[in-house]
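Encoded as C-alpha cells, the structure appears first; notes follow it.
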Amino acid sequence: MPSVKRSHSRSASRCEAARWLFAVGLLVVLAACSDSGPPVSPPSEEKEIPLPPPPSVDPVPEAVAYPESLLCPEPPGTDARCGTPYVPANALTEEELAARYSAGLNAWRYEGTRGACAGCHSPDAIELARVGYTDADLRRRAVTHVDEARASAIIELVRVVRQRHGMTRLLHPARFRPLQPAYEPFAARTPGLPVHDSAAQSERDEAFMDHLVGDRKLLWATGRIDSLAKARQAYDELHAIDLRHLRLGLPFDHLAEDGFHGNEHRSVFEWFPDLASSPRAAVREEWYQRVDAYLSQPTDQNLWGYYDAAKDLTECNPDLGGARLEDYPRACEWMRLKYRSLQVFQHMLRHGTHRHPDFLVDVDSSGGTPRIPDHLEKVIARNPIWETGDHLRIQPLARSAQTACNATNHPCTLLPPIIDQTIHDTPSYTEARIKQSQVFQQTWFVMSFLRDPALLYEGDSFATFIGDYLESVLLPFYDVHHAFVFAKMAVEKSSAQGWMEAEGFRAGTGKLASVRTFSFKQLRDNFSPPPSGNRRRPVHDRMFANFARMFIYLVEEDLTRTGEVFDRTEVLYAVRFMRTWILRLEGAEDADINARVRSIEALAAAARELRTEANRRENPGTGLQPNNRWGEFTAPYGG
Numbered sequence: 001m002p003s004v005k006r007s008h009s010r011s012a013s014r015c016e017a018a019r020w021l022f023a024v025g026l027l028v029v030l031a032a033c034s035d036s037g038p039p040v041s042p043p044s045e046e047k048e049i050p051l052p053p054p055p056s057v058d059p060v061p062e063a064v065a066y067p068e069s070l071l072c073p074e075p076p077g078t079d080a081r082c083g084t085p086y087v088p089a090n091a092l093t094e095e096e097l098a099a100r101y102s103a104g105l106n107a108w109r110y111e112g113t114r115g116a117c118a119g120c121h122s123p124d125a126i127e128l129a130r131v132g133y134t135d136a137d138l139r140r141r142a143v144t145h146v147d148e149a150r151a152s153a154i155i156e157l158v159r160v161v162r163q164r165h166g167m168t169r170l171l172h173p174a175r176f177r178p179l180q181p182a183y184e185p186f187a188a189r190t191p192g193l194p195v196h197d198s199a200a201q202s203e204r205d206e207a208f209m210d211h212l213v214g215d216r217k218l219l220w221a222t223g224r225i226d227s228l229a230k231a232r233q234a235y236d237e238l239h240a241i242d243l244r245h246l247r248l249g250l251p252f253d254h255l256a257e258d259g260f261h262g263n264e265h266r267s268v269f270e271w272f273p274d275l276a277s278s279p280r281a282a283v284r285e286e287w288y289q290r291v292d293a294y295l296s297q298p299t300d301q302n303l304w305g306y307y308d309a310a311k312d313l314t315e316c317n318p319d320l321g322g323a324r325l326e327d328y329p330r331a332c333e334w335m336r337l338k339y340r341s342l343q344v345f346q347h348m349l350r351h352g353t354h355r356h357p358d359f360l361v362d363v364d365s366s367g368g369t370p371r372i373p374d375h376l377e378k379v380i381a382r383n384p385i386w387e388t389g390d391h392l393r394i395q396p397l398a399r400s401a402q403t404a405c406n407a408t409n410h411p412c413t414l415l416p417p418i419i420d421q422t423i424h425d426t427p428s429y430t431e432a433r434i435k436q437s438q439v440f441q442q443t444w445f446v447m448s449f450l451r452d453p454a455l456l457y458e459g460d461s462f463a464t465f466i467g468d469y470l471e472s473v474l475l476p477f478y479d480v481h482h483a484f485v486f487a488k489m490a491v492e493k494s495s496a497q498g499w500m501e502a503e504g505f506r507a508g509t510g511k512l513a514s515v516r517t518f519s520f521k522q523l524r525d526n527f528s529p530p531p532s533g534n535r536r537r538p539v540h541d542r543m544f545a546n547f548a549r550m551f552i553y554l555v556e557e558d559l560t561r562t563g564e565v566f567d568r569t570e571v572l573y574a575v576r577f578m579r580t581w582i583l584r585l586e587g588a589e590d591a592d593i594n595a596r597v598r599s600i601e602a603l604a605a606a607a608r609e610l611r612t613e614a615n616r617r618e619n620p621g622t623g624l625q626p627n628n629r630w631g632e633f634t635a636p637y638g639g
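Take the sequence shown: its position 137, counted from the start at 1, is 137 in the UniProt record's numbering, and no numbers get skipped.
Written out as C-alpha cells, the structure reads:
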C-alpha cells in the first residue's frame, strides 16, 4: 500500500494446480475474514517467496529504547489510532506464516494503480508493522491501489511481520517521529498551534533553551568564559553532547500523514513518497533478487546492494492519475530521494538501533579501515537525507509573488494533481506549500546535522559544508537552536579527525586555528536575536559572547602549541570580528580578551601557513564567509 498513502498488487497465473488452488484458498479466506466486501478473483502466476529466517536475537548495538509515551497503550484496542500487536496466544504456525508471507509480499510488489506498495515503502512493510497502523487504515489506503483480495493479503503480511519480529508493543502512529532525537520534541505551551506557526516555534525554542540552561547546565549557556580552563570546559561539554539524544524543539516528520484523520494531516511533511519507484520491466527479476537477498539477510552490505541499484534498476511510475510524468520531473526526483531516505531509516528501524548503516561496509579493508574522506562520492550517494531537504530549498513547492515560480531562476517542485490534492490550502494554497517547504527543510537539514554535526559528508556544495542553508532555515524563530547549531558545528569542525589533508574545500578541517572552523555568513550584520524583552534574549546574547570568548582562548592556545595556522589572513579576520562581539553583546570591552587577541596577532604572524596556494586557487571563494566582507578587519588589532 503505497505511502500508507498508497497500496498496490500483483499479476498473472503460474503452474501446478495444487499450488494455484492453495493460493486461491488462502486469498479467499483472508478476504472473507476481513471487514471488506466479497472476495475478488485471486492473483495468478504468483511466485512463491520463501519466508526469511527469524531475526537475530543477538544484542543490538546502540539499541533504541522507546518511552512508554510513544507506544500504543495497553490493552490493545483502547486507542482507535492503534492496530493490533502480536499476541503470542494467537500465533500463526510456521506454515501459516510462510503462506501468508508469500501471498502478502506478492501483493506488496504488484504493480497496481500508481505502482506497487514496495515502490513507496520498505521491502516488506516492516515500518507499517512496527508503527501501529490499524487494519482499517491499511485497507482504506490499500484499496485505492489494489483489489480487496490483495489488500487483505497485505494486511496479513503486516501481521506476519509483527509476529516474526515479536512486536508485542507498537509505536503510536500519531506520536512516533522517525529519528527524532531523544524520541520526542519539546511541546509548545499554547495547544493546537500548527508546527509552522511562528509563536509555536518560539515557544519550543524557549523550552530548548531551558533544557540547555537548567537541565544540562552548559557553561557556554549559563556562565562567563573568562579563562583558558573555562574555554576548554565549555568546548568539551559541547563536544560531548550526542545529538541523537538531545531533546529539541523541532518536531520531525511523522512516518505518514493522512488527511482522513484531520485537515492538519493533509501534508507532505512525512517520509512516504506517494510517487512510486518501480523496477524497470527488463530488470524486474534482478531488482527483486537484490531485495530478497536483503530480506533473507538484512545486513548493511545487502542494504546497499539494492539501495545502490535503485538508481539504474528503478524509475518513477508513470501512472499519475491522468497526469503526464514528463511534466513533473522535479516531483519525480524529490520522491525518489524520499524513497532512498526511507530505505536507510527502515533498516535502522528493523534492527532497533540508533546506529546508521556503515557507509563503507563493502569497501576493501585489506589496507586498513576505509576512511570517509577517501570515499566521499560513495558516502554522499548513500546519505540522502540532506539532499532530500535541499531539493525543496532549491525548488520549493511554491514561492511568494515576488519570486514567482518559473523554469529559469526560480524553479519549483510542482506536484501532480493526485498528490497535490493531499495538501491543505490553509491559509491559502500558495502559503501552505511555502510553509510546508520551509518546515521540511528545517527538519531534514537538522536530521542530517545530528549524525554529521561538522557537515563533512552531506553534499558537494561549499555552502552546505559551512552550514549556510542549515542556519538560514532555523532563523528567525528558532534563535536558540540556531545559536546551539552554530556553536556545536564549530566545535565539531575543529575537532574532526582525519580531514586536515582532505581534498578541496574540506582541507584544513580539524584544527582550531583554521578558517574551516568559522563561518559568519548568517551573522556578519546581525545575530538575529529574539526580541528585546523576550526571556531568551539575555541567554542568546550570552551564548554568542561566550562563543567568541571560548574560541579566542582556544585559537591562542592552538597557535602557541603548534605554531601552525590554516589560512592566516582569514583566521585573523575571524578573531578580530569575534573580539567586537564582547562590546556589542556585553556592553563593555574585556581587557583580558583584548590581550589574547594581541597575542594571537603575534602568534599568527610567526606561524607556519598550512593552506597551500594551490588549495586557494582551486577553491576560490572559500575563505571566511561571507566573502569580501572583511575590509574593516584587515588591519591588525593593536588595542
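Every residue, glycine too, gets a C-beta built ideally from N, C-alpha and C.
Own chain, CB closer than 6 Å to residue i, minus 5 neighbours either side, in chain order
i	result
Phe22	Its pLDDT being 39, under 50, Phe22 is placed unreliably by the model, and nothing is read from it.
Thr222	Val213
Arg113	Checking the displayed sequence, the identity of residue 113 turns out to be Thr instead of Arg. Within the same chain, Thr113 has close Cβ partners His145.
Lys511	Phe566
Lys521	Asp468, Gln625 and Pro626
Glu431	none
Three-state secondary structure (DSSP) of residue i
i	result
Glu184	coil
Pro55	coil
Phe566	strand
Arg393	helix
Val131	strand
Pro636	coil
Glu270	strand
Ala454	coil
Leu320	strand
His145	coil
His482	helix
Leu157	helix
Ala231	helix
Leu171	strand
His356	coil
His254	strand
Ala63	strand
Val40	At Val40 the pLDDT is 38, less than 50, meaning the model places this residue with poor confidence and gives no usable figure here.
Phe445	helix
Option nearest residue i by Cα separation, candidates the options
i	options	result
Arg216	Cys72, Ser198, Ser227 and Arg247	Arg247
Cys82	Arg561, Leu170 and Val361	Leu170
Ile126	Asn106, Ala118, Leu138 and Val161	Val161
Val57	Thr562, Thr426 and His351	His351
Thr353	Ser202, Leu360, Ala490 and Pro178	Pro178
Arg266	Ile419, Leu228, Ser528 and Pro396	Ile419
Tyr573	Thr562, Val555, Thr560 and Glu586	Val555
Phe269	Asn383, Thr190, Gly389 and Glu48	Gly389
Glu564	Asp358, Val515 and Glu206	Val515
Phe518	Ser494, Pro417 and Val379	Ser494
Pro273	Gly115, Arg204 and Arg524	Gly115
His245	Met209, Tyr101, Glu184 and Phe359	Glu184
His356	Ala309, Ser202, Gln343 and Leu275	Gln343
Thr560	Ala607, Leu250 and Glu315	Ala607
Same chain, Cβ closer than 8 Å to residue i, five either side skipped, listed in chain order
i	result
Phe462	Phe505, Asn619, Gly621 and Thr622
Leu70	Leu171, His172, Arg175, Phe176, Tyr183 and Glu184
For residue i, the first and last residue of its enclosing beta strand (DSSP E)
i	result
Ser277	Ser277 to Pro279
Thr314	Thr314 to Cys316
Close Cβ partners of residue i (< 7 Å) along its chain, the five nearest in sequence each way excluded
i	result
Ile582	Ala545, Ala548, Glu589, Asp590 and Ile593
Val131	Leu170, Leu171, Pro173, Phe176 and Leu255
Pro453	Leu243, Lys488, Met489 and Glu492
Arg596	Ile552, Tyr553 and Glu556
Leu313	Pro279, Arg280, Val283, Glu286 and Trp287
Element boundaries [alpha helix (DSSP H), containing residue i]
i	result
Pro298	It is not in any alpha helix (DSSP H) - Pro298 carries neither H nor E in the DSSP assignment.
Met209	Ser198 to Asp210
Glu377	Leu376 to Ala381
Pro329	Pro329 to His351
Thr222	Leu219 to Thr222
Phe477	From DSSP, Phe477 is part of no alpha helix (DSSP H); its letter is neither H nor E.
residue 642	Any property of residue 642 remains undetermined from this structure, which presents the chain solely from 1 to 639.
Asp420	Pro417 to Asp420
- Query: Hey, which unbroken runs of the beta strand (DSSP E) at 3 residues or more fall wholly within the segment 489-543?
  - Reply: If we require 3 residues or more, the segment 489-543 turns out to have no beta strand (DSSP E) run fully inside it.
- Every unbroken alpha helix (DSSP H) within the segment 72-126, with a cutoff of 4 residues, ordered by chain: Segments of the alpha helix (DSSP H) lying fully in the segment 72-126: 94-109.
- Item | Length at least 4, wholly inside the segment 543-619: the alpha helix (DSSP H) runs in chain order | Within the segment 543-619, the complete alpha helix (DSSP H) runs of at least 4 residues are 568-586, 591-606 and 613-618.
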